[in-house]
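Residue numbers (the numbering used here), protein chains in the order written: chain A, 29 to 140; chain B, 155 to 271. Positions of the beta carbon are idealized from the N, C-alpha and C atoms, including for glycine. All values derive from a computational prediction rather than experimental measurement.
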């Protein structure tokens with residue numbers, strides 16, 4: 029256990045509906061990340077956070093927003109889900125510096 | 155921008171044999187970290203090994219070792235005495251070590267390793 033959980037673990041939704049994925053860490057780490065995993069692409073960074081209310085975009089941020097109101101929680105929101113957002117989503121955290129990045133168990137999202 | 159490339163989508167190895175997974179990267183930075191992560195069917199991302207670019211010595215973790223060639227920007231993973239539990243997807247990843255970096259990882263496309271009994 030890397031001190032990080034994600035919810036839900038699986039979700040099926042319809043095009044156009046809003047979706048929020050939750051990431052929770054118990055390590056009091058400063059940095060948190062959301063990645064998506066797609067075949068042939070590995071994991072790609074969507075957004076990241078470097079503190080409460082401090083977030084920035086990654087390489088595939090279009091269609092996603094994030095929020096971090098507490099150190100331990102990092103939310104990823106799809107305002108209006110599209111089929112291209114069908115993917116596996118991973119949250120990760122690190123204390124920064126030379127720390128290793130640890131990953132949550134992933135959320136499989138299917139947008140019909 | 156940094157990139158990471160894994161040119162072998164799939165590899166297979168006989169149990170107890172040795173296999174090497176390839177990874178190349180591109181960066182203009184001189185200080186960085188490189189990682190190999192394992193993703194078994196459970197989907198959990200598991201850190202296998204980590205290499206700091208300023209260290210010339212290749213990292214080793216039990217049956218896992220790397221061949222780090224900084225000038226060639228190559229970072230291969232060698233798995234010795236392969237076991238059935240090694241079957242997984244393996245990802246190579248890069249992270250900057252510059253002061254103020256955000257710790258974000260840049261991943262390769264992944265290599266699926268099959269281990270044959």
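Is the CB of residue i under 8 Å away from at least one CB in chain B?
{"i": "residue 73/A", "result": "yes"}
{"i": "residue 76/A", "result": "yes"}
{"i": "residue 129/A", "result": "yes"}
{"i": "residue 31/A", "result": "no"}
{"i": "residue 122/A", "result": "yes"}
{"i": "residue 92/A", "result": "no"}
{"i": "residue 52/A", "result": "no"}
{"i": "residue 133/A", "result": "yes"}
{"i": "residue 117/A", "result": "no"}
{"i": "residue 68/A", "result": "yes"}
{"i": "residue 86/A", "result": "yes"}
What is the DSSP secondary structure of residue i, reduced to helix, strand or coil?
{"i": "residue 210/B", "result": "coil"}
{"i": "residue 253/B", "result": "coil"}
{"i": "residue 240/B", "result": "helix"}
{"i": "residue 111/A", "result": "helix"}
{"i": "residue 129/A", "result": "coil"}
{"i": "residue 57/A", "result": "coil"}
{"i": "residue 8/A", "result": "Because chain A here runs from 29 to 140, residue 8/A falls outside it and cannot be looked at."}
{"i": "residue 216/B", "result": "coil"}
{"i": "residue 47/A", "result": "strand"}
{"i": "residue 84/A", "result": "strand"}
{"i": "residue 197/B", "result": "coil"}
{"i": "residue 259/B", "result": "coil"}
{"i": "residue 71/A", "result": "strand"}
{"i": "residue 246/B", "result": "strand"}
{"i": "residue 119/A", "result": "strand"}
Flag this pair as yes or no: are the beta carbons of residue i and residue j separated by less than 8 Å?
{"i": "residue 75/A", "j": "residue 92/A", "result": "yes"}
{"i": "residue 186/B", "j": "residue 228/B", "result": "no"}
{"i": "residue 114/A", "j": "residue 138/A", "result": "yes"}
{"i": "residue 77/A", "j": "residue 96/A", "result": "yes"}
{"i": "residue 236/B", "j": "residue 183/B", "result": "no"}
{"i": "residue 59/A", "j": "residue 257/B", "result": "yes"}
{"i": "residue 241/B", "j": "residue 267/B", "result": "yes"}
{"i": "residue 173/B", "j": "residue 247/B", "result": "no"}
{"i": "residue 64/A", "j": "residue 101/A", "result": "no"}
{"i": "residue 188/B", "j": "residue 244/B", "result": "no"}
Would you verify that the beta carbon of residue i is, or is not, closer than 8 Å to some beta carbon of chain A?
{"i": "residue 204/B", "result": "yes"}
{"i": "residue 227/B", "result": "no"}
{"i": "residue 245/B", "result": "yes"}
{"i": "residue 267/B", "result": "no"}
{"i": "residue 181/B", "result": "no"}
{"i": "residue 258/B", "result": "yes"}
{"i": "residue 261/B", "result": "yes"}
{"i": "residue 165/B", "result": "no"}
{"i": "residue 198/B", "result": "yes"}
Is residue i buried or exposed, if buried means 16 or more other CB atoms sit within 10 Å of its CB?
{"i": "residue 43/A", "result": "exposed"}
{"i": "residue 231/B", "result": "buried"}
{"i": "residue 180/B", "result": "exposed"}
{"i": "residue 140/A", "result": "exposed"}
| field | Touch test, the stretch 161 to 181 of chain B against the stretch 76 to 83 of chain A, Cβ-Cβ under 8 Å, three pairs minimum | value | no
| task | Specify whether the stretch 215 to 227 of chain B and the stretch 255 to 262 of chain B touch according to this definition: at least 3 beta carbon pairs, one from each stretch, less than 8 Å apart. | result | no
| request: Evaluate the contact criterion for the stretch 128 to 137 of chain A versus the stretch 155 to 165 of chain B: three or more CB pairs, one atom per stretch, below 8 Å. | output: no
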